[in-house]
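This report concerns only the one structure given below.
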Amino acid sequence: MEDNKAIVCKDLTKQFGDFYAVNKISFEVLKGEIFGFLGANGAGKTTAMRILCGLSFPSSGTATVAGFDVYKQQEKIKKSIGYMSQKFSLYENLTVLENIEFYGGVYGVSRKEIKTRSEELVQTLGLESEAKKLVGALPLGWKQKLAFSVAIFHKPQIVFLDEPTGGVDPVTRRQFWDMIYEAAATGITIFVTTHYMDEAEYCNRISVMVDGKVEALDSPANLKKEFNADSMDEVFYQLARGAKRSGD
Amino acid sequence: MKQLLVFIRKEFFHVFRDRRTLLIMFGLPVVQIVLFGFALTNEVKNIEIIISDNARDINAQQITDKIKASAYFKVQESVLDYNDIEKAFKKGNIKCALIFPAHFGDDLCHEGKAQVQIITDGSDPNIAKTVVNYLTAIIGDYRQQISPSPTLAYRIIPETRMLYNEEGNGSLNFIPGVMALVLMIVCTTLTSVAVVKEKELGTMEILLVSPFKAVFVLIAKAVPYLLLSMINVVLILLLAVYLLDVEIKGSVLLLFFESVLFIITCLSLGLLISNVTDSQQTAMLISMMGMMLPTLIFTGFLFPLENMPKVFQIISNVIPARWYFIITKAVMLKGLGFTYVWKETLVLTGMTVALLGIALKNFKIRLQ
Amino acid sequence: MTVLGFLLQKEFRQIRRDTTILRIMFALPVIQLIVFPLAMDFDVKSVNISIVDQDHSTYSQKLISKIASSGYFKIVGAETSFKKSLTYIENGEVDLVMEIPAGFERNLVREGVQKIGISVDAINGTKAGISGQYLNSIIADFNANMDVNVKTSAMSQQGIINITFTNWFNPRAEYKYNIVPAILVLLLTMIGGFVTALNIVREKEVGTIEQINVTPIKKWEFILGKLIPFWIIGMIVFTLGLTISWLVYGIVPVGSFLTLYAFAAVYLVALLGFGLLISTYSDNQVQAMFVAFFFIMIFILMSGFFTSTDGMPGWAKVISNMTPVAHFVKTDRMIILKGSSFNDVKQEFLYLVAFAGVLNGWAIWNYRKTN
Chain A
1 MEDNKAIVCK DLTKQFGDFY AVNKISFEVL KGEIFGFLGA NGAGKTTAMR
51 ILCGLSFPSS GTATVAGFDV YKQQEKIKKS IGYMSQKFSL YENLTVLENI
101 EFYGGVYGVS RKEIKTRSEE LVQTLGLESE AKKLVGALPL GWKQKLAFSV
151 AIFHKPQIVF LDEPTGGVDP VTRRQFWDMI YEAAATGITI FVTTHYMDEA
201 EYCNRISVMV DGKVEALDSP ANLKKEFNAD SMDEVFYQLA RGAKRSGD
Chain B
1001 MKQLLVFIRK EFFHVFRDRR TLLIMFGLPV VQIVLFGFAL TNEVKNIEII
1051 ISDNARDINA QQITDKIKAS AYFKVQESVL DYNDIEKAFK KGNIKCALIF
1101 PAHFGDDLCH EGKAQVQIIT DGSDPNIAKT VVNYLTAIIG DYRQQISPSP
1151 TLAYRIIPET RMLYNEEGNG SLNFIPGVMA LVLMIVCTTL TSVAVVKEKE
1201 LGTMEILLVS PFKAVFVLIA KAVPYLLLSM INVVLILLLA VYLLDVEIKG
1251 SVLLLFFESV LFIITCLSLG LLISNVTDSQ QTAMLISMMG MMLPTLIFTG
1301 FLFPLENMPK VFQIISNVIP ARWYFIITKA VMLKGLGFTY VWKETLVLTG
1351 MTVALLGIAL KNFKIRLQ
Chain C
2001 MTVLGFLLQK EFRQIRRDTT ILRIMFALPV IQLIVFPLAM DFDVKSVNIS
2051 IVDQDHSTYS QKLISKIASS GYFKIVGAET SFKKSLTYIE NGEVDLVMEI
2101 PAGFERNLVR EGVQKIGISV DAINGTKAGI SGQYLNSIIA DFNANMDVNV
2151 KTSAMSQQGI INITFTNWFN PRAEYKYNIV PAILVLLLTM IGGFVTALNI
2201 VREKEVGTIE QINVTPIKKW EFILGKLIPF WIIGMIVFTL GLTISWLVYG
2251 IVPVGSFLTL YAFAAVYLVA LLGFGLLIST YSDNQVQAMF VAFFFIMIFI
2301 LMSGFFTSTD GMPGWAKVIS NMTPVAHFVK TDRMIILKGS SFNDVKQEFL
2351 YLVAFAGVLN GWAIWNYRKT N
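Protein chains in written order, with this note's numbering: chain A, 1 to 248; chain B, 1001 to 1368; chain C, 2001 to 2371.
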């Protein structure tokens, strides 16, 4: 195993009946990299991501995440990753501190460490006055930032973010990406899906999925050059135009 | 009008897409009719009895044989003292003991008087009482046999006619009961949940901002359940007639008309519940706990109403299902016409109008 | 083990905050224990009878007053024609109509025999049977006690068999003794079956279960984390129920508390497994509620809660035995009312253990972190 790779996929496929949700995709994600995973609705992003997180079995192909096999070592994968889903996934009827405590504990962080670090975290997020309030009462932007902090609280090797900034205002999105950069700086590999093309520009490298296949994979700059485009928007548009499947 | 049809079709799709809803809608009536019709009975038979014969004479033996011959008992003969009987009761299967004292036959033939003792397991009062009745009858019969009393000078012979149920078809009460219960579940619970679901998903807002009239939204919601409930009524009646051999004595048309009235009552209740709640869970809890339980208890098809405390009897008057139960019993099982049920029909109609009125008014208030 | 600790902590915090569910869980025993025993009285106490007396003679009057004084019957409306009396039955005001024909006394005296007509509303078969029996025995008694008859049969007071009977464990054969223990079972059933199913499905609906599935929490940890809190609540509710039965009805378990609690504990595990199983097959709370309702209704009807299982046909007994509820309803009554020892009911205990094992095993097997 090359030890500078966080994720390695080869011909990964997920099939539901006749339908190929993910069709033979192959790519690699380097350690410490911010990897953007793009695609229109229904292109197969979420399915691929669920396989990599150990939530779903692939139909064929191979993949390793943090050096562990997605067929047999899912529980080991789960120990090494963090995950933040499209749906808000903290418990709304627990307080901020209780949520941190719970998820930290589940990943085996000791109670003592949880205590000191959660206080730090609340401070950095500027949530001191809300620490004992129920999460359900927080505004969406703060919830998302909290969810991200919880997802990396146990210092995973890789964190998977599934459209983390959906429905969030531009200022908060900006702050959110600052947090992502900080996390990446500590050596955490970031695997993120998004709809926002300006966010794609923030990534080190991106892949674009169309109809279950990875149609393009490179740094934003190289992709723009290759497609002779001014912005990622245009790159995406050119690729997605040929899509047969469309979302919703 | 065309729009309305499109809407109603959409609602039908919703209903049929979920297998679990169908389970409740059609599985429930079928299962209930089968269980109530065949499995559940208050009849007492195959009761295990210990006969403790300390006399061992011909008279005790003859009585024992008579008990053995009856279909009600499964006899186990063994001489036991009270302690052993108690042990047997505690093991659970034996429900009753009959004790012949020593010299039973002697006493009977020479003194003209003898004693027997019956001990029952009172933990099931129904069985205990029935068993005493059965045994008393068997022993009395035996007594007649051995010393036939001279024919009484005057005799009144009762001739009993079983009205409405010549075949002695168990208890017919449950058929209208099941109808009321199922309609209540399908109309009230399913309707309220369906409407609240739209609210939760936010699609209700979309419907309300559409040029479609608000009342039509409600009608479109209600119509599929109305139709499905009518199918349910037909299903239950078919099961009753063909599976349980129950004869529908009165006018099917009247029965159907009254059922439609009750369905509308339930739908109004469902709409009302959905108006005052915001989550499916609450709607379900209210309609299941708040509506089903009273229906079960206060209609009188499971528990006799006349034995209940006065308060309960008064409460039962506000339960729509109770009136529907009376009506169906009269029309379906007694074969009576409209003239006999117009009062109940009027009460039910009044309730429906009131409920529907409140539901619609609430709905409008929410719109403004 | 520490992970389980965190799960339990979280679960208890959430339950504590969900006051609606908590309130329902604790109001339920109170309401059910008070309403059901009051409502469930199957004694045929007062039968309404309408008597059509077309004879108006001394004998007919005597018969009527004998019926009136029997304590079983309430005479409603003395009508002159059968047709009119029948309307009482049609309206449901009366259960029986007795018709004393004209010439009743004359025929009795002249021919020694007279028929009278009795019409019973037989829709409720049980009630019809019992009230018919009452009336027949009153008439038989009347026959034997008529002046003329007493004289002729005086010498035949031979061969009398005195029957004495005692109802053990419940001397007055009151229904509440039968029902209260069954309601305790019902309470555990509701908590195990409904509340657990709804709780887990809610995590599915909200999406937090996805987050749990992507953590290294082991299946058994997650499931124990759900079972233990509701098990504890169930046992508290059970204790509350026992207290209410003692305070309100004076029913105190005759048997050992240890045996009773051992049964309740295992039964609750079985039902929690059932709730869990339903939750693994449902995507949202409405589905879970419907499915749970459907099965729990069958369980309860078949368990001997309302009607004894002894009278059931063979196939129904088989189904009844396949529900955990039936086994606990039976043993719960035995322990509370009769004081049956563990030894008396150990076979039932094994059944419950088996149910607990199968239902939970099935649920764990069916719960997938990855699919």
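For each residue, glycine too, the CB sits at the ideal point set by N, CA and C.
Out of the options, state which residue places its alpha-carbon closest to the alpha-carbon of residue i.
i: A:T181; options: A:E163, A:F148, A:M209 and A:Y83; result: The displayed chain sequence assigns Tyr, not Thr, to residue 181 of chain A. It is A:F148 whose Cα lies nearest to the Cα of A:Y181.
i: C:T2307; options: B:T1021, B:F1036, B:H1014 and B:L1005; result: B:F1036
i: B:D1053; options: B:K1095, B:I1008, B:Q1115 and B:E1043; result: B:Q1115
i: B:P1029; options: B:C1109, B:L1239 and B:L1218; result: B:L1239
i: C:S2341; options: B:A1088, B:F1016, B:D1057 and B:E1011; result: B:A1088
i: C:V2206; options: A:L217, A:G136 and A:L223; result: A:G136
i: C:G2357; options: C:D2283, C:I2300, C:F2274 and C:M2302; result: C:F2274
i: C:P2216; options: C:F2328, C:P2101, C:W2365 and C:T2370; result: C:T2370
i: C:A2270; options: C:R2333, C:G2117, C:N2343 and C:G2361; result: C:G2361
i: C:H2327; options: C:L2272, C:T2166 and C:A2264; result: C:A2264
i: A:Q175; options: A:F153, A:K143, A:V8 and A:T186; result: A:K143
i: B:Q1338; options: B:E1258, B:T1352 and B:T1191; result: One point to set straight first is that residue 1338 of chain B is Phe, not Gln, in the sequence displayed. Here the closest residue by C-alpha is B:E1258.
Which bits of chain B does residue i rub up against, with CB to CB less than 8 angstroms?
i: C:P2324; result: Here the premise fails: no neighbours, minimum Cβ distance about 17 angstroms.
i: C:E2090; result: A1330, K1334, L1336 and Y1340
Have a look at residue i and residue j and give me their C-alpha separation to the nearest angstrom.
i: C:P2029; j: C:L2184; result: 8 angstroms
i: C:K2218; j: A:F68; result: 18 angstroms
i: C:V2254; j: C:V2180; result: 14 angstroms
i: C:V2052; j: C:L2086; result: 10 angstroms
i: B:N1173; j: B:L1336; result: 16 angstroms
i: C:Q2032; j: B:P1320; result: 22 angstroms
i: A:Q123; j: A:S89; result: 22 angstroms
i: A:A43; j: B:V1223; result: 39 angstroms
i: B:F1298; j: C:T2309; result: 24 angstroms
i: B:V1347; j: C:L2186; result: 34 angstroms
i: A:S207; j: A:D218; result: 7 angstroms
i: A:M1; j: A:A216; result: Legend: pLDDT at A:M1 = 46, less than 50; position of this residue unreliable, no value from coordinates given.
i: B:N1093; j: C:V2248; result: 29 angstroms
i: B:K1129; j: B:I1085; result: 18 angstroms
Which chain C residues are close to residue i, counting only those with a beta carbon under 8 angstroms from its beta carbon?
i: A:V122; result: Near A:V122 there are no residues of chain C at all, since even the closest Cβ is about 18 angstroms away, more than 8 angstroms.
i: B:M1284; result: Q2285, V2286 and M2289
i: B:D1018; result: Q2287
i: A:G108; result: T2002, V2003 and P2216
Give me the chain C residues within the contact set of residue i, using Cβ-Cβ distance strictly less than 9 angstroms, ordered along the chain.
i: A:G105; result: T2002, V2003, G2005, F2006, L2007, Q2009 and K2010
Run down chain A in chain order and give the residues with a C-beta less than 9 angstroms from the C-beta of residue i.
i: C:D2018; result: N93
List, in order along the chain, the chain A residues whose C-beta lies closer than 8 angstroms to that of residue i?
i: C:T2370; result: G54, L55, S56, F57 and Q74
i: C:T2208; result: S89, L90 and Y91
Below 7 angstroms on C-beta distance, what does residue i contact in chain A?
i: C:Q2014; result: Y91, N93 and L94
Under 9 angstroms Cβ-Cβ, which residues of chain B neighbour residue i?
i: C:P2313; result: F1038, A1039 and T1041
query = According to a CB-to-CB cut-off of less than 8 angstroms, which residues of the stretch 2185-2205 of chain C neighbour chain A?
reply = none
request  = Note down, in chain order, all residues in the stretch 2211-2244 of chain C with a beta-carbon under 7 angstroms from any beta-carbon belonging to chain A.
outcome  = Q2211, N2213, V2214, T2215, P2216 and I2217
query = Quick one, which residues of the stretch 1021-1049 of chain B are near chain C if we go by CB-CB under 9 angstroms, in chain order?
reply = Going along the stretch 1021-1049 of chain B in chain order, one finds T1021, L1023, I1024, G1027, L1028, V1031, Q1032, L1035, F1036, F1038, A1039, L1040, T1041, N1042, E1043, V1044, K1045, N1046, I1047 and E1048 with a Cβ nearer than 9 angstroms to chain C.
query = Got a sec: which bits of the stretch 1112-1131 of chain B sit with their beta carbon under 8 angstroms from any beta carbon on chain C, in order along the chain?
reply = G1112, K1113, A1114, Q1115, V1116, Q1117, I1118, I1119, T1120, D1121, G1122, S1123, D1124, P1125, N1126, I1127, A1128 and K1129
query = So, do the stretch 1114-1125 of chain B and the stretch 1155-1168 of chain B have three or more beta carbon pairs nearer to each other than 8 angstroms?
reply = With the cut-off at 8 angstroms, the stretch 1114-1125 of chain B and the stretch 1155-1168 of chain B do not touch.
ask   = Does the stretch 1051-1069 of chain B touch the stretch 1019-1039 of chain B, meaning 3 or more C-beta pairs lie closer than 8 angstroms?
value = no
task = Give the residues from the stretch 2162-2181 of chain C that approach chain B closer than 7 angstroms (Cβ to any Cβ), ordered along the chain.
result = N2162, I2163, T2164, F2165, T2166, N2167, W2168, F2169, N2170, P2171, A2173, E2174, Y2175, Y2177 and N2178
key: Contacting positions in the stretch 2329-2340 of chain C - beta carbon closer than 9 angstroms to chain B   = K2330, T2331, R2333, M2334, I2336, L2337, K2338, G2339 and S2340
query = For the stretch 36-56 of chain A against the stretch 176-193 of chain A, are there 3 or more C-beta pairs whose distance is under 8 angstroms?
reply = yes
message = For the pair the stretch 75-82 of chain A and the stretch 159-178 of chain A, tell me if three or more CB-CB distances fall below 8 angstroms.
response = yes
Segment contact, 8 angstroms Cβ cut-off, at least three pairs: the stretch 49-63 of chain A with the stretch 101-114 of chain A = no
key: Contact list for the stretch 1301-1326 of chain B against chain C, Cβ threshold 8 angstroms   = L1302, F1303, P1304, E1306, N1307, M1308, P1309, F1312 and I1326
key: Proximal residues, the stretch 1053-1069 of chain B versus chain C, C-beta separation under 8 angstroms   = none
At least 3 beta-carbon pairs within less than 8 angstroms: the stretch 25-35 of chain A vs the stretch 199-213 of chain A = They touch, by the three-pair rule.
request  = Decide if the stretch 2219-2237 of chain C is in contact with the stretch 2001-2008 of chain C; the criterion is three or more beta carbon pairs, one per stretch, under 8 angstroms apart.
outcome  = At 8 angstroms Cβ cutoff, the stretches touch.
query = Counting pairs of Cβ atoms below 8 angstroms between the stretch 1265-1273 of chain B and the stretch 1185-1192 of chain B, do you hit three or more?
reply = yes
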